[in-house]
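Everything in the first sequence is counted per the working numbering, starting at 123 for the first residue and increasing by one.
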Amino acid sequence: MNYWLFKSEPGTFGVDDLARAKDATTPWDGVRNYQVRNFLRDAIRKGDQGFFYHSSCAEPGIAGILRVVRAGYAEAAALDPKHRYFDPASDRASPRWYSVDVRLERRIEPVIGLEKLRKHARGALSEMLILRRGNRLSITPVTREEWRFILSLA
DNA sequence: GCCAACGTTGGC
DNA sequence: GCCAACGTTGGC
Numbered sequence: 123m124n125y126w127l128f129k130s131e132p133g134t135f136g137v138d139d140l141a142r143a144k145d146a147t148t149p150w151d152g153v154r155n156y157q158v159r160n161f162l163r164d165a166i167r168k169g170d171q172g173f174f175y176h177s178s179c180a181e182p183g184i185a186g187i188l189r190v191v192r193a194g195y196a197e198a199a200a201l202d203p204k205h206r207y208f209d210p211a212s213d214r215a216s217p218r219w220y221s222v223d224v225r226l227e228r229r230i231e232p233v234i235g236l237e238k239l240r241k242h243a244r245g246a247l248s249e250m251l252i253l254r255r256g257n258r259l260s261i262t263p264v265t266r267e268e269w270r271f272i273l274s275l276a
């Protein structure tokens, strides 16, 4: 089983939105970066866990724990001409974009803030991609050690 | 294949 | 709103 960090802006879609969704489950869609697309298509498996990270907001940080309940499949939004994520270059036979389904396992309250994570940027979290300057990937891998360490901060 | 311009991201 | 960093685009 692998661990990931899923990043989203709560103003667009945050933990509260996921909690309200049916079965607290949603397709993680809208990814338009090829490196992250490859994670969705090839690496993220059913049963994997992830942190739900809130970015571009008043309190950036980890706000919940997710479970992947469906592995990568062709992103539906890219195939829907009426959807804002529609991409005419994607089709069902050879999809360009992928999504996985995630379910909210639990919230983390209070949020484990970015500030708190940074305190360990030279220690246990020295390899943490989210702490790297300029990192823009919306999904990043998390090691088992990082996962456990961060949970201990909660 | 290069690279400048542009758009997006995300912390502050 | 600002700015740094990065990915993508498109002319050449």
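C-beta atoms are modelled at their ideal positions from N, C-alpha and C, and glycine is treated no differently.
For residue i, I'd like the list of residues in its chain whose CB is within less than 7 Å of its CB, leaving aside the five on either flank, ordered along the chain.
i: A276; result: I230 and I234
i: A211; result: R218
Could you give the C-beta distance for residue i and residue j, rounded to a whole number, given that I count them as a contact under 8 Å?
i: D223; j: P149; result: 5 Å
Taking 8 Å as the limit between beta carbons, can you name the residues of its chain near residue i, skipping five residues before and five after?
i: D170; result: M123, N124, Y125, W126, R189 and V190
i: L239; result: G183, I184, L247, M250, I252, L253, I272 and L275
Could you check the C-alpha separation between residue i and residue j for me, to the nearest Å?
i: G194; j: Y156; result: 14 Å
i: D213; j: R244; result: 44 Å
i: L273; j: T134; result: 25 Å
i: A200; j: W269; result: 32 Å
i: K144; j: H176; result: 21 Å
i: F161; j: V153; result: 10 Å
i: D209; j: L253; result: 31 Å
i: P232; j: P203; result: 40 Å
i: H242; j: R159; result: 29 Å
i: M277; j: G183; result: The structure shown does not extend to residue 277, since the chain is modelled only from 123 through 276, so no value can be given for it.
i: R192; j: G256; result: 30 Å
i: A215; j: R266; result: 35 Å
Using beta-carbon positions only, say whether residue i and residue j come within less than 8 Å of one another.
i: R228; j: I187; result: yes
i: V137; j: A180; result: no
i: Y220; j: R167; result: no
i: E197; j: P217; result: yes
i: R225; j: A146; result: yes
i: Y207; j: D139; result: no
i: F173; j: V264; result: yes
Hey, would you say the C-beta of residue i is under 7 Å away from at least one heavy atom of the ligand NAD?
i: T262; result: For the structure depicted, the ligand NAD is absent and the ligand set is empty, with no information on it obtainable.
Output needed for residue i: all residues of its chain with C-beta closer than 6 Å, excluding positions within five of it in sequence on either side, in chain order.
i: S178; result: E131
i: H205; result: A199
Is there contact here, the segment 128–143 with the segment 256–271, by at least three beta-carbon pairs under 8 Å? yes
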